[in-house]
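In what follows, a single structure is set out as structure tokens and then discussed.
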């Protein structure tokens, strides 16, 4: 039940979905034309409707005319948007969710954004009488398809966390309360900083070993049974041909885009600068992904394409 860069609304005890019919125009206005997994085109909405009917339930999908209309028609709203401006626009902008809410509404924002923005948006929603939690997610496309995602929840009360849990359990296996509002964002940027660092490390190790003459599959097997093992090596290996169902074996299409990991790394670096925390590898990883996300042909590729990028910088375009 995951649509990327759109709104998911799950009605309590009904599991019906409301999707804003004019969301395509809204996303275009704020500079977001393409979705990572489902675009906001009519064809994709039809595809989602078909998938919903075939695999989730026979409950109907209703279309709202704006986020505010969605809030009026659905008691529980889950959002997952790319960045802080998108979240502020959908929640607080013209015809935003805040304009249609009442005390019955409960909002779950699974976007990865600046912690201060997340808290500010949630507090404005709460001050209007509704409830909200931040619940950024980790696990990638593989986790989403298998409903094994991890949700890192920031909630002002235990009651809010417990209210969010049944809905998040439809999509995830690990639902963890990290603390007060905004703490879910803290956990997420720490996780993604480590993810970026590890993906670069695995890519460098695989490139080095292959160039030195070892078989790529053999090297991957050794890494995954040794101390270097990590998620980037055993679940999402960046070397083409190692794993069949990951972006590296599909020309790095789909998955978690370079622009998004670069954005998350900027969030981590900015947060570290604010509190004067030393993050040497994190800062280097941020610079690398910032460069990668601006390299022609790599902007929309999965973040594991760092392997290919490093390989090309070494003068080899075959691996």
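Residue numbers (UniProt numbering): 1 to 319. Just so you know, even glycine gets a beta-carbon here, dropped at the ideal spot from N, CA and C.
Taking 7 Å as the limit between beta carbons, can you name the residues of its chain near residue 182, skipping five residues before and five after?
So the qualifying residues of the chain are 115, 118, 119, 134, 154.
Using C-beta distances below 8 Å, list every residue in its chain close to residue 314, excluding the 5 sequence neighbours before and after it, in chain order.
Within the same chain, residue 314 has close Cβ partners 207, 211.
Are the beta-carbon atoms of residue 150 and residue 164 separated by less than 7 Å?
No; because the gap between Cβ atoms is not below 7 Å, this pair is not in contact.
Is residue 108 helix, strand or coil when you go by DSSP?
Three-state result, residue 108: strand.
With a threshold of 8 Å, are at least 3 pairs of Cβ atoms found where one atom belongs to the stretch 252-262 and the other to the stretch 301-310?
Touching, yes.
Between which residues of its own chain and residue 188 is the CB-CB distance below 6 Å, once the five residues before and five after are set aside?
So the qualifying residues of the chain are 112, 136, 152.
To the nearest angstrom, how far is the alpha carbon of residue 83 from that of residue 263?
Near 8 Å, if we compare the C-alpha coordinates of residue 263 and residue 83.
Kindly indicate which three-state DSSP category residue 150 falls into: helix, strand or coil?
Residue state, collapsed to three classes: strand.
Please go through the same chain and pick out, in chain order, the residues whose beta-carbon is closer than 6 Å to the beta-carbon of residue 72, but skip the five residues on each side of it.
So the list reads 100, once near-sequence residues are dropped.
From 295, 260, 75, pick the residue whose C-alpha is nearest to that of residue 192; which is it?
Of the candidates 295, 260, 75, the one whose C-alpha sits nearest the C-alpha of residue 192 is 260.
Just to confirm before moving on: does the CB-CB distance between residue 270 and residue 292 stay below 7 Å?
It is not a contact, given that the beta carbons lie outside the stated cut-off.
For residue 132, which of helix, strand or coil comes out of DSSP?
DSSP places residue 132 in strand when its eight states are reduced to three.
In whole angstroms, what is the alpha-carbon distance linking residue 70 and residue 89?
When rounded, the distance between both Cα atoms is 14 Å.
Answer with buried or exposed for residue 33, where buried requires no fewer than 16 other C-beta atoms within 10 angstroms of its C-beta.
Bear in mind that a pLDDT of 33 at residue 33, under 50, signals an unreliable position, so the number given afterwards is only what the model happens to contain. Under this definition residue 33 is an exposed residue.
For residue 216, which option in 240, 236, 198 has the closest C-alpha, if you only look at C-alpha atoms?
Here the closest residue by C-alpha is 240.
List in chain order: all unbroken beta strand (DSSP E) runs of 3+ residues lying wholly within the stretch 155-221.
Counting only runs of 3 or more, we get 172-179.
What would DSSP say about residue 102, mapped onto helix, strand or coil?
Of the three classes helix, strand and coil, the one that applies to residue 102 here is coil, per DSSP.
Span of the beta strand (DSSP E) holding residue 80?
Residue 80 -> beta strand (DSSP E) spans 76-80.
Assign residue 218 to one of two classes, buried (16 or more other C-beta atoms within 10 Å of its C-beta) or exposed (fewer than that).
Flag for residue 218 reads exposed.
Does residue 172 pass the burial test, meaning 16 or more other C-beta atoms within 10 Å, or should it be called exposed?
Buried, by the Cβ-count rule.
In angstroms with no decimal places, state the Cα-to-Cα distance between residue 297 and residue 127.
Their backbone Cα atoms lie some 44 Å apart in a straight line.
Would you tell me roughly how many angstroms separate the C-alpha atoms of residue 304 and residue 213, rounded to the nearest one?
Using only the alpha carbons, I get a separation of about 22 Å.
Within this structure, are the beta carbons of residue 169 and residue 129 separated by less than 7 Å?
Result no, Cβ atoms of residue 169 and residue 129 do not sit closer than 7 Å.
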